[in-house]
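A.B. asks:
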Amino acid sequence: MYNKKILTTLLFCALSITSLVAQSTLDEQSGGAAPVNVKPSVEKTDKHKMNILKVNLMALALKNYSFQYERVLTKKISVAVGIRSMPTGGLPFLSNYVDDIADGDPDLEANLRALKVGNFAITPEVRFYLNQKGYGRGFYIAPYYRYAKFNSDELPITFDGDANTTKTIKLKGDVITHSGGLMIGAQWHLGKVVTLDWWILGAHYGTSNGTLSGTPSSSLSANEQTEIKNTIESLELPLTKITAEVSANNIKAIVDGPWAGVRAGLTIGIKF
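All letters in the sequence shown, in the order written, are residues -22 to -1, 1 to 250 by mature numbering (1 follows the signal peptide of the UniProt record, and there is no 0).
1) Checking the sheet assignment: what are the DSSP bridge partners for I178?
2) Taking T209 and I135 to be in contact with their CB atoms under 8 Å, please state how far apart those CB atoms are, rounded to whole angstroms.
3) Can you name the residues that DSSP bridges to D234?
4) With DSSP as the reference, label R91 as helix, strand or coil.
5) Can you have a look at Y107 and say buried or exposed, based on whether 16 or more other CB atoms are within 10 angstroms of its CB?
6) Could you check the C-alpha separation between M36 and A238 for me, to the nearest Å?
7) From I100 to K148, what does the alpha carbon distance come to, in whole angstroms?
8) Can you grab the Cα-Cα spacing for the pair G184 / A141, in whole Å?
9) Could you check whether the region 44 to 52 touches the region 68 to 85, counting it as contact only if at least three pairs of C-beta atoms, one from each stretch, sit closer than 8 Å?
10) Using the Cβ count rule (16 or more neighbours within 10 Å means buried), how would you classify G169?
11) Could you pull out every residue in the same chain whose Cβ sits closer than 7 Å to the Cβ of K207, ignoring the five residues on either side in sequence?
12) Counting along the chain, where does the beta strand (DSSP E) carrying S130 start and finish?
13) Can you have a look at V153 and say buried or exposed, based on whether 16 or more other CB atoms are within 10 angstroms of its CB?
14) Applying the 10 Å Cβ sphere with the 16-neighbour rule, what's the burial state of I229?
15) With distances taken from CA atoms, which of A231, A242, V59 is nearest S212?
16) Under a Cβ-count criterion, where at least 16 other Cβ atoms within 10 Å of its own Cβ denotes burial, should E202 be classed as buried or exposed?
17) Can you find the residues in the same chain that come closer than 6 Å, C-beta to C-beta, to L40, ignoring five residues on each side of it along the sequence?
18) Taking the beta carbon of V233 as the centre, do at least 16 other beta carbons fall within 10 Å, making it buried, or is it exposed?
19) For G235, which residues of its own chain have a beta-carbon under 7 Å away from its beta-carbon, when the five flanking residues on both sides are left out?
20) Where DSSP assigns a beta bridge to N29, which residues make up the other side?
21) Let me know the secondary structure DSSP gives N97 once reduced to three states.
22) Which same chain residues end up closer than 7 Å to L138 when comparing Cβ atoms and leaving out the 5 residues on each side of it in sequence?
23) In this structure, how does DSSP classify V76 when only helix, strand and coil are distinguished?
24) Considering Cα atoms alone, identify which of K54, K111, L31, S56 is closest to residue 270.
25) What I want to know is whether the C-beta of R105 ends up closer than 6 Å to one or more non-hydrogen atoms of the ligand SAM.
26) Find the nearest neighbour of L174 within the set G68, L90, G243, judged by alpha-carbon distance.
27) Below 8 Å on the Cβ atoms is my guess for I246 versus V171; work out the distance and round it to an integer in Å.
28) Would you tell me roughly how many angstroms separate the C-alpha atoms of R62 and S157, rounded to the nearest one?
Encoded structure:
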């Protein structure tokens, strides 16, 4: 009986020592702290909608349809691409300024009212958000590239013809531009779904080239060719040079040179 008590006591001590050693080893591996039930962390970006589809409200007033898609990549960076289209038609708000431009000249007024223009542009950009909220919110700077195509169906060129007559020839064609620039803006999230994006101001600079051509209703004399060439090359287009190639039965206005423009807008968007 005595031996059994000693054996039981030794077995209990051995189990106790083994338990203490195991606990000590576990404490060392966990930095001495008791094990804590830690749930897997969830990245902050998981609770943000990372895609925004927008429409430019200011462009609609100018008969332009302008849309942008933005993808948020990180807290501070996003990428976006915009598409703008203006169907060929008359000049926006022409009635508000045609009298000032024509200055009582009925032929010029008629030409302005007959003018048909349109354009298309694609603008990819990278945005860098500047404040702490991020994820598509706050002030940002955005370097961008723009491809644009401008077209005219009826660009009237009026010149002095022979025998004290006035003639008009309508030119048709496209001008393509490539430019790069920088824009500053600010975007707000209005609730969980809606965004408001203010393109405060952007400016871009690049190159342009294109040809507008037309055919006279009758052959042009040498004097008329000289007159229309001078008329075309005297057209004022900022930064861009216009040269004319004129023959008896064909007229070309060639656009080639620098190009510059500005960019602004106010968009409303949907997050998803």
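Glycine included, each C-beta is placed from N, C-alpha and C at the ideal position. All figures in this text were calculated on a predicted structure; none of them were measured in a lab.
C.D. replies: Walking through what the data contain:
1) Within the sequence shown, the letter at position 200 stands for residue 178. None, per the DSSP bridge assignment.
2) Locating residue 209 in the sequence shown gives position 231, where the first residue counts as 1. Locating residue 135 in the sequence shown gives position 157, where the first residue counts as 1. About 6 Å; that satisfies the 8 Å criterion.
3) Along the sequence shown, read from residue 1 onward, the residue named residue 234 stands at position 256. According to DSSP, which records beta bridges pairwise, D234 is partnered with N187, K219.
4) As a first step, residue 91 must be located in the sequence shown, where it is residue number 113. Helix.
5) One-based indexing of the sequence shown puts residue 107 at position 129. Burial call: buried.
6) As a first step, residue 36 must be located in the sequence shown, where it is residue number 58. As a first step, residue 238 must be located in the sequence shown, where it is residue number 260. One C-alpha to the other measures close to 20 Å.
7) As a working mapping, residue 100 is identified with position 122 in the sequence shown. As a working mapping, residue 148 is identified with position 170 in the sequence shown. The straight-line gap from Cα to Cα measures roughly 28 Å.
8) Numbered from 1 along the sequence shown, position 206 holds the residue referred to as residue 184. Numbered from 1 along the sequence shown, position 163 holds the residue referred to as residue 141. One C-alpha to the other measures close to 43 Å.
9) no
10) On the sequence shown, residue 169 is found 191 positions in, with the first residue counted as 1. Exposed.
11) Residue 207 sits at position 229 when you count from the first residue of the sequence shown. Excluding residues within five positions, the ones whose Cβ falls inside 7 Å are A222, V224.
12) The residue given as residue 130 occupies position 152 in the sequence shown. That run of the beta strand (DSSP E) goes 116 to 139.
13) Mapped onto the sequence shown, residue 153 falls at position 175. Buried: at least 16 other Cβ atoms inside 10 Å.
14) On the sequence shown, residue 229 is found 251 positions in, with the first residue counted as 1. By the neighbour-count rule (16 or more Cβ atoms within 10 Å), I229 is buried.
15) Reading the sequence shown from its first residue, position 234 is the one you call residue 212. Minimum Cα distance to S212 is reached at A231.
16) The residue labelled residue 202 in the question sits at position 224 within the sequence shown. Flag for E202 reads buried.
17) In the sequence shown, counting from the first residue as 1, residue 40 sits at position 62. P70.
18) Within the sequence shown, the letter at position 255 stands for residue 233. Classification of V233: buried, given that the 10 Å Cβ count is 16 or more.
19) Working through the sequence shown from its first residue, we reach residue 235 at position 257. Excluding residues within five positions, the ones whose Cβ falls inside 7 Å are S186, L217, T218, K219.
20) Residue numbering aside, residue 29 sits at position 51 when the sequence shown is read from its first letter. Paired residue(s): R49.
21) Along the sequence shown, one-based indexing puts residue 97 at 119. In the structure shown, N97 sits in a strand (DSSP, three-state: E or B).
22) Residue 138 sits at position 160 when you count from the first residue of the sequence shown. A quick correction: the sequence has Asp, not Leu, at residue 138. Answer for D138: T144, E205, listed in chain order.
23) Position 98 of the sequence shown holds residue 76. It is helical.
24) No statement about residue 270 is possible, as the shown extent of the chain runs from -22 to 250 and does not include it.
25) What this structure holds is no ligand at all, so the ligand SAM is not there to describe.
26) Counting from one through the sequence shown, the residue named residue 174 turns up at place 196. Ranking the options by Cα distance to L174, first place goes to G243.
27) Locating residue 246 in the sequence shown gives position 268, counting from the first residue. Locating residue 171 in the sequence shown gives position 193, counting from the first residue. About 11 Å separates the two Cβ atoms, so there is no contact after all.
28) For this step, residue 62 is matched to residue 84 along the sequence shown. For this step, residue 157 is matched to residue 179 along the sequence shown. Their Cα atoms are separated by approximately 15 Å.
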